[in-house]
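Numbers 142 to 452, taken from our numbering, label the letters of the sequence shown in order. Ideal placement from N, C-alpha and C gives every residue a C-beta, glycine not left out. Worksheet for the structure shown next.
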Amino acid sequence: MKNILTLLKNNRKPAIVFLAILFIAFVWINVFEVRVLPSNRFLSLVGKAPAEPQATPTAETLRTIVVPQEGYTVDIAWGDLGKQLVASGAIDLEKFRQNYQDPKYQELLTYLTETKNESIKVDQDSAYFWVNVLWALGLTQKSAVLEKGVMGTEYKDQLGNFASTGGWTLGSKDAVSLYSSQSMIPLTADQQTLVVKISSGIYRPCCGNPTSFPDCNHGMAILGLVELMVSQGFSEDEIYQAALAFNTYWFPTTYVDLAYYFQTQENTAWDEVSAQKVLSAQFSSAQGYQEIKQKIGTIPGAQSVGASCGA
142 MKNILTLLKN
152 NRKPAIVFLA
162 ILFIAFVWIN
172 VFEVRVLPSN
182 RFLSLVGKAP
192 AEPQATPTAE
202 TLRTIVVPQE
212 GYTVDIAWGD
222 LGKQLVASGA
232 IDLEKFRQNY
242 QDPKYQELLT
252 YLTETKNESI
262 KVDQDSAYFW
272 VNVLWALGLT
282 QKSAVLEKGV
292 MGTEYKDQLG
302 NFASTGGWTL
312 GSKDAVSLYS
322 SQSMIPLTAD
332 QQTLVVKISS
342 GIYRPCCGNP
352 TSFPDCNHGM
362 AILGLVELMV
372 SQGFSEDEIY
382 QAALAFNTYW
392 FPTTYVDLAY
402 YFQTQENTAW
412 DEVSAQKVLS
422 AQFSSAQGYQ
432 EIKQKIGTIP
442 GAQSVGASCG
452 A
């Protein structure tokens with residue numbers, strides 16, 4: 142500093158000297174502070190501190206996110222659809238009561254006997270109930286998917302051979318006679334087209350087909366859900382979100398695995414992944430999921446349970 146003062150005293154160009162002093166002082170201060178306080182000053186110069194590495198997610202932690210105990214609520218007006226399903230023969234009420242004797246199902250059974258205008262919720266306790274009720278709805282509702290799609294055209298003479306038809310035993314009528322027989326949900330031509338579009342992009346991990354080819358119970362159930370939501374004006378994104386929620390409670394192990402994949406391979410949290418993307422063939426078809434599973438192996442704390450069409 143003494144040299145600096147001497148320079149200022151002798152130099153005839155004070156402006157230049159003054160600037161030189163400022164520059165030297167700036168360098169000296171910053172170098173000194175970097176050396177003494179690296180955790181503060183240095184980090185402010187070079188940027189933020191690197192983020193702490195995230196712990197590897199486990200099956201347990203992911204499960205609380207993917208299939209939370211509180212369930213998923215869809216603000217659908219159910220109305221008297223349950224009563225219509227019983228009246229049409231799609232559901233045999235006595236068979237349902239025998240099948241759902243557990244006390245946890247008693248309130249749910251009122252969806253078949255009463256008019257319900259409140260929302261419906263899927264969770265770990267109600268998933269088995271809703272897969273069968275929505276299966277009956279998807280099977281019976283008059284639908285462009287069923288009449289003009291693969292099942293109603295290429296396999297018209299073999300309708301009873303599919304799991305979604307031949308496997309339906311909870312009605313008072315046989316599945317083939319129920320197939321696309323009742324207009325319980327009012328759908329315009331444009332809405333039918335939208336149902337076809339959305340259902341063509343929704344897969345389930347027990348099969349390789351989209352919901353527009355509902356050859357199993359879960360596919361037929363999602364078809365019923367999509368038709369109901371389209372009729373009530375829900376957006377495509379809302380419908381994909383709801384379809385994914387039902388799928389996750391029907392196939393929890395599959396979607397916990399997919400959540401692990403997105404977090405560890407794509408650095409994306411489960412709630413930030415597009416539902417439409419998750420439901421695509423790349424991830425939610427049987428083949429797509431198996432490819433993902435080969436990439437991630439068994440995730441920490443997971444129990445290996447394969448997806449199947451058994452409800």
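Beta-carbon proximity of V371 to L335, cut-off 8 Å: In this structure, L335 lies closer than 8 Å to V371 by Cβ.
Cα-Cα separation, L226 to I232: C-alpha separation (whole angstroms): 6 Å.
Contacts around A277, its chain only, beta-carbon distance under 6 Å, and the 5 residues preceding and following it disregarded: Sequence-distant partners of A277 (beyond 5 residues in either direction) whose C-beta falls short of 6 Å from its own C-beta, in its chain, are L226, A231 and I232.
Those runs of the beta strand (DSSP E) which lie wholly inside the segment 187–234 and span at least 3 residues: DSSP runs (the beta strand (DSSP E)) wholly in the segment 187–234: 213–215.
Alpha-carbon to alpha-carbon, Q423 and D412: D412 and Q423 have their C-alpha atoms some 18 Å from each other.
Residue of W271, A218 and L234 minimising C-alpha distance to K224: The residue among W271, A218 and L234 with its C-alpha nearest the C-alpha of K224 is L234.
Whole-angstrom C-beta distance between T214 and K245, which should lie under 8 Å: About 17 Å separates the Cβ atoms of K245 and T214, ruling out a contact at the 8 Å cut-off.
CB of Y401 within 8 Å of CB of P346, strictly: In this structure, P346 does not lie closer than 8 Å to Y401 by Cβ.
Cα-Cα separation between K418 and M361, rounded to whole angstroms: So the alpha carbons of these two residues sit roughly 20 Å apart.
Coil, strand or helix - I363 by DSSP: I363: helix per DSSP, three-state reduction.
Reduced DSSP secondary structure (H/G/I, E/B, other) of V414: In the structure shown, V414 sits in coil (DSSP, three-state: anything other than H, G, I, E or B).
Residue range of the alpha helix (DSSP H) that includes S261: A quick correction: the sequence has Ile, not Ser, at residue 261. For I261, no alpha helix (DSSP H) encloses it; the enclosing beta strand (DSSP E) starts and ends at I261 to V263.
Cα-Cα separation between F403 and T199, rounded to whole angstroms: One Cα belongs to F403, the other to T199, and the distance between them is close to 13 Å.
Whether G349 touches S426 by CB criterion (8 Å): Yes. Within cutoff.
Whole-Å CB distance - D356 paired with S305, under 8 Å assumed: With a Cβ gap of about 6 Å, D356 and S305 count as contacting.
Proximity winner among E407, T394, S229 and Q323, relative to T202 (alpha-carbon distances): Among E407, T394, S229 and Q323, the Cα nearest to that of T202 is on T394.
For P393, the three-state DSSP class (helix, strand or coil): If DSSP states are grouped into helix, strand and coil, P393 belongs with the helices.
T281 versus Q323, I339, Q332 and S353, residue with shortest Cα-Cα distance: Put simply, of Q323, I339, Q332 and S353 the residue whose alpha carbon is nearest the alpha carbon of T281 is Q323.
C-beta contact flag for G365 and G279 at 8 Å: Yes; because the gap between Cβ atoms is below 8 Å, this pair is in contact.
Spatial neighbours of L311 in its chain, beta-carbon cut-off 8 Å, leaving aside the 5 residues before and after: Same-chain partners within the cutoff: I232, D233, K236, F237, N240, N273 and A277.
Inter-residue spacing [alpha-carbon to alpha-carbon] between D398 and N358: Each residue's alpha carbon lies about 22 Å from the other.
Rounded straight-line distance, which links the Cα of L253 to that of F270: Approximately 11 Å between the Cα atoms of the pair.
First and last residue of the uninterrupted alpha helix (DSSP H) at Y430: Counting along the chain, the alpha helix (DSSP H) containing Y430 begins and ends at A427 to I437.
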